[in-house]
Amino acid sequence: MKISQSILIFCAFVFGCGITAFLMQRSQQAVPDVLEAPALVEDDSKSEMPAPVQSATEQPSLSIDEAQVKLDETLIGIEGNLKRALDLSVDLGRNNYEDRFLAITRLREDLSDAEVTALAQFLYVPYSEQQGLSLLEFNALKNEVMGKLVSLGSDRVDAASVFSSMARSKDLDDLIRDYSIQFSYHLYEESLLEQEDVPYDRTLADMALNERETTLAGTALLGEVRLSEANPGSFPSEKVASTAWSLLNDPQTLEVNRVSAMTSLTRLGDNRVLPKAREALAGSNYSVMTIAALGSIREFGDTLSIPEVRRIAASTNPSVSRAARFTLKHLESL
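Sequential numbering of the sequence shown, starting at 977, is according to the working numbering.
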């Protein structure tokens, strides 16, 4: 895996703004004559503030083949921007992704029950090249829909249950399942601040932490670290550090998971990570792990590593050399 690819996976954040900006910029560069924002259908559908949606969380029991059928049935009774965004049977042309993304971002908050249900159902639709979107674009749309469900609040939709079932579904691609884990932790963290009733799903966390063949383990670990920082009584740092140490020393897991483990141990102040960080600096086979190791060296003020850091700072790899120069400046100031 190239460094740029690893960094993209590791740094993907919950609301997908970076991915979206990249996609839209790429499209604008490819079609320089498009100067105006894509036109959106005026959403003139009217609805009173509906009761909390129950059907939106029933979708997980359906097979992946039924997801598109169920969404199509729901969209029959919907007009306006939401239908424009979610009806993938209609090709919107060269602005196919941009139009759909902007339609989702501009949705009003007082959506009808059917509209909220459609948003949840869309998350279970499988990817197909016939939809006129790349997989990256398709997942970015789903990411935006997930954010919209969160913004509606728990009185409208049980987003926690939706994300939990998505994360558990092996029929969905691993990136969307990873997003689901991120959103699940986000909801619980927000509930601690807002004093809302979003229970911590221990079984979901354990499932993700033990799924080391995908990025879920590292993503869940970072979530556990944040919970430990916010509520150390319920999430002891020693237990989280033990999980991180195990993941860091697992030779079978993905590198991005070991990066998450190194980052987690550093945030928790566990200096057991230092020998591993020094080891990662050795040699010239630079990767995203090298960047994570530089972060650990910097945070612990490991001046013994200055010679190695200085060597890496002279690298022709821009990402690695930039991180090394930043670390070197800090170490030399100590």
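Glycine is no exception: its CB is placed at the ideal position from the N, C-alpha and C atoms.
- Message: Buried or exposed for residue 1300, going by 16 or more other Cβ atoms inside 10 Å?
- Response: Buried, by the Cβ-count rule.
- Below 6 Å CB to CB, which residues in the same chain sit around residue 1044 once its five sequence neighbours on both sides are set aside? Taken in chain order, the residues that qualify are 1101.
- Message: Given a cut-off of 7 Å on the beta-carbon distance, is the pair residue 1249 and residue 1265 in contact?
- Response: Residue 1265 is positioned such that its CB atom lies no closer than 7 Å to that of residue 1249.
- Mark residue 1220 as exposed unless 16 or more other C-beta atoms lie within 10 angstroms of its C-beta, in which case mark it buried. Classification of residue 1220: buried, given that the 10 Å Cβ count is 16 or more.
- Counted within 10 angstroms of its Cβ, other Cβ atoms place residue 1214 as buried (16 or more) or exposed: Per the 10 Å Cβ criterion, exposed.
- Query: With a cut-off of 8 Å, do at least 3 Cβ pairs link the region 1139-1148 to the region 1169-1185?
  - Reply: With three or more CB-CB distances shorter than 8 Å, the region 1139-1148 counts as touching the region 1169-1185.
- residue 1011 classed as buried or exposed, judged by whether at least 16 other C-beta atoms fall within 10 angstroms: Its pLDDT being 25, under 50, residue 1011 is placed unreliably by the model, and nothing is read from it.
- Message: Just list the residues that DSSP pairs residue 1101 with in beta bridges.
- Response: None; residue 1101 has no bridge partner.
- Message: Rounding to the nearest angstrom, what Cα-Cα distance links residue 1008 and residue 1075 in this structure?
- Response: In this predicted model, residue 1008 has a pLDDT of only 30, less than 50, meaning its place in the structure is not dependable; the value taken from the coordinates is given anyway. Residue 1008 and residue 1075: Cα-Cα distance of roughly 17 Å.
- Decide yes or no for the touch test of the region 1166-1180 against the region 1071-1089: beta carbon pairs closer than 8 Å, at least 3 of them. Three or more beta-carbon pairs separated by less than 8 Å are not found between the region 1166-1180 and the region 1071-1089, which leaves the two stretches without contact.
- Select from 1086, 1267, 1153 the residue whose C-alpha is nearest the C-alpha of residue 1124. When the alpha-carbon of residue 1124 is set against those of 1086, 1267, 1153, the nearest one is in 1086.
- Message: Give me, in chain order, the residues of the same chain whose beta-carbon lies closer than 6 Å to that of residue 1282; leave out the 5 immediate sequence neighbours on both sides.
- Response: Excluding sequence neighbours, residue 1282 sits near 1307.
- Item | CB-CB length for residue 1094 against residue 1133, believed under 8 Å | That belief does not hold up - the Cβ atoms of residue 1094 and residue 1133 are roughly 11 Å apart, past 8 Å.
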